[in-house]
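In what follows, a structure is listed as structure tokens, so that the remarks can point back to it.
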Amino acid sequence: MTSADTAMDDGTIAVIGAGYVGLVTAAWLAETGRHVRVVEEAPERLDQLRRGIAPIHESGLQELLTAVMDDGRLSVTDDIADAVRGAGIVFIAVGTPPLPDGGADLRQVRAALGQLKKHVGATTVVVIKSTVPPGTTQALIESSRRDRLKAPVLTCPEFLREGSALHDCRHPSRVVIGGDDESAQARVAALFEELNTVVMQTDATSAEMIKYGSNAFLALKISFINEMARLCELIGGNIDVVADGLGTDPRIGRAFLNAGLGFGGSCFPKDVAALDETAGLHGHYFWLLKAATEVNLQQRRRFVVKVQEAVGGSLSGKRMAVLGLAFKAGTDDLRQAPSIDVIRQLVDFGAHVAAYDAVAGPKAAEIIPNVTICADAYECVRGADAVLVVTEWPEFITLDWRRIAGLVRRRIIVDGRNLLDEHVLADLGFTYVPVGRRPGKKSLRRRNASALLPSPAVG
Ligand code: NAD
Ligand code: UGA
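Note that the sequence shown covers residues 129 to 587 in this note's numbering.
So, in structure tokens, the structure goes:
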């Protein structure tokens, strides 16, 4: 008997790809009582998983993984046939990295589908969780039918954020299930029944549009606030106060209005580029996406120019202490991190760079070889001509800045995330260069947005 003939059970689920999406989704599904088999092909990740170690840094993941592996609800394999045998639902959560032209590289998705083909029958549902450009799933549905894949293929794009991935799985803002097989969609929807959330069932291309539209819109918001920050630097005003003011309008919202070094990570840059490329393939020139990307890149260049100006014009031979390497706080992910771009530019201008990131530091050594990766922040800042805040790790706020004042060569801070308190630092003799307000000018303290809202009694 082949696996295709075995009775299928939606309490048994296979997940292909043990990355930020696959592993977190698998652990959450196991937590909800399902039996989950995770397939991973990368030897290092597989080896760590087999030893019960989470290969990625994600809050709460290690504890949950230990719990669900110990009670036998989550297992790991590199054998796809084993994993999908008897599984009612198979999630594909493999990577879709960017191609040089900006398009999404779909080879991992196609390969996973190809490997599945001979092991699944008509009663298994195959769900693409990877982010694939609008039109892809419909094309895969059609080609799978031609290739005699009996299982229905759906898309269920993922909206989790790194750093809060498990929380986002447990409390999703919505679940979107796209495809053309209503009964298969209903089976996938049943997995999310206990969550108090909106479950949308739609066609595959609309589902993909929702995924790309969400990431692109958030990226636009960030680039918009960064352009406003630039105007504040030129004209006056404090971008943090401006963002609070804009954000009090519920039609705008305060989220994703933090000005700074712009967006990085494995998603926004690649998904904006892929949507733009898809638009281009269909003859549409998507101005806004191109602008969002360009503004984002400029933001990194501008930061380096600010550093240059702060140290007196030339970076050659200067020692730079970079605090934070991950593309954002809460993760070890360095994909498309602003830090990498910034450090490369600093090195190109002749600076000596030391960097510290408690979580992403160990991974960084391979990616940025010309940099000294330090074990702690105090070692990093020793003898520095400037301290640069690149990732918004909360631990940087509570560093002993008095001690740092005694360790650096020059008391200059360029804060790419507006993280630190400029008043405290000014009292310690630092020159503090923020984003979105004029350096050297003591600006208004940041105002609390909630204080600006009308009270419920009035509203
Ligand atoms: P990732 O690179 O961390 O993980 C993908 C994993 O799949 C890798 O470990 C790889 O070895 C494995 N893999 C690839 N092909 C395989 C195969 N045939 N068999 C077994 N294992 C295989 O990627 P990720 O960050 O988890 O992203 C996965 C997808 O989800 C991407 O399309 C991404 O755009 C999307 N997404 C990511 C996030 C995020 O926060 N990272 C959020 C939403 C959506
Ligand atoms: C993002 C989305 O928020 C998720 O919903 C989506 O599922 C995911 O991409 C994806 O498709 O993979 P993530 O990349 O983990 O999640 O991180 P975000 O919190 O969205 O931040 C992205 C980048 O924008 C970071 O570099 C962050 O520093 C930057 N950012 C964010 C700002 O510069 N300003 C802000 O106000 C918010």
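Ideal Cβ positions, reconstructed from N, Cα and C, are used throughout, including at glycine. Small disclaimer: the values here were computed from a predicted structure and weren't measured.
Taking all protein chains shown into account, do 16 or more other C-beta atoms lie within 10 angstroms of the C-beta of residue i, making it buried, or fewer, making it exposed?
i    : result
E494 : exposed
G511 : exposed
I181 : exposed
K278 : exposed
W156 : buried
L362 : exposed
L288 : buried
G307 : buried
V552 : exposed
Y484 : buried
D461 : buried
W415 : exposed
R575 : Note that R575 scores a pLDDT of 38, beneath 50, so its modelled location is shaky and nothing firm can be said.
Per DSSP, residue i forms a beta bridge with which residues?
i    : result
F219 : V143, V255
R447 : H480
A514 : M448
A590 : Since the first residue shown for the chain is 129 and the last is 587, residue 590 is missing from the structure and cannot be characterised.
R302 : V326
I501 : A483
V470 : Answer is none; V470 lacks a bridge partner.
I540 : T559
D137 : A215
Could you tell me whether any non-hydrogen atom of the ligand FAD is closer than 8 angstroms to the CB of residue i?
i    : result
A344 : Ligands displayed in this structure: the ligand NAD and the ligand UGA; the ligand FAD is not among them.
List the endpoints of the continuous beta strand (DSSP E) containing residue i.
i    : result
Y560 : 559-561
T519 : T519 -> no beta strand (DSSP E), and no H or E assigned at all.
T205 : 202-205
R165 : 163-167
L282 : 281-283
Which residues in the same chain as residue i place their Cβ atom closer than 7 angstroms to its Cβ, once the five residues preceding and following it in sequence are excluded?
i    : result
V509 : A449, V515, I532, L535, V536
L581 : In this predicted model, L581 has a pLDDT of only 30, less than 50, meaning its place in the structure is not dependable; the value taken from the coordinates is given anyway. So the qualifying residues of the chain are T376.
V423 : S351, N354, E355
T264 : L234, E336
G388 : G544, R545, N546, V563
T194 : G180
T134 : In this prediction, T134 has a pLDDT of 41, which is less than 50 and means its spatial position is unreliable; what the coordinates show is noted afterwards. R213, G214, listed in sequence order.
K418 : D404
Return the chain-ordered list of same chain residues with a C-beta closer than 6 angstroms to the C-beta of residue i, the five sequence neighbours on each side being excluded.
i    : result
V166 : V143, A146, A154, V204
I269 : V281
F219 : V143, V255, K257
G392 : F455, Q464, A465, P466
Q436 : L443
A158 : V164, V196, R201, L202
V327 : V303, A317, F320
G452 : D485, V518, T519, W521
Who are the near neighbours of residue i in its chain, counting only those whose CB is closer than 8 angstroms to its CB and skipping five residues on each side?
i    : result
T325 : H299, P300, S301, R302, V303
R530 : L556
V316 : I217, V253, V255, L282, C284, I305
E172 : P183
A314 : Q329
G381 : G375
L241 : I220, V254, L268, S272, L277, V281
D331 : Q266, G306, G307, D308
Along the alpha helix (DSSP H) that carries residue i, what are the first and last residues, could you check?
i    : result
T153 : 150-159
V435 : 415-438
D198 : 189-198
Q313 : 310-319
A357 : 332-363
S271 : 264-274
F396 : 396-409
R531 : 529-535
Among the options, whose alpha-carbon lies nearest the alpha-carbon of residue i?
i    : options                : result
L409 : V164, E168, E186, D229 : D229
G478 : E507, D461, K446       : K446
P225 : R538, T459, F396       : F396
E286 : T259, T160, I468, V439 : T259
Y148 : D469, L348, S187, H163 : S187
L346 : V439, Q473, I468, V400 : V400
G139 : A170, G161, V499       : G161
A371 : L385, L462, E310, A457 : L385
D206 : L416, A232, A170       : A170
Q433 : V222, D476, D331, E523 : Gln is not the amino acid found at residue 433; the sequence shown has Val there. Of the candidates V222, D476, D331, E523, the one whose C-alpha sits nearest the C-alpha of V433 is D476.
A486 : D513, T519, I468       : T519
T421 : D528, C360, I141, K349 : K349
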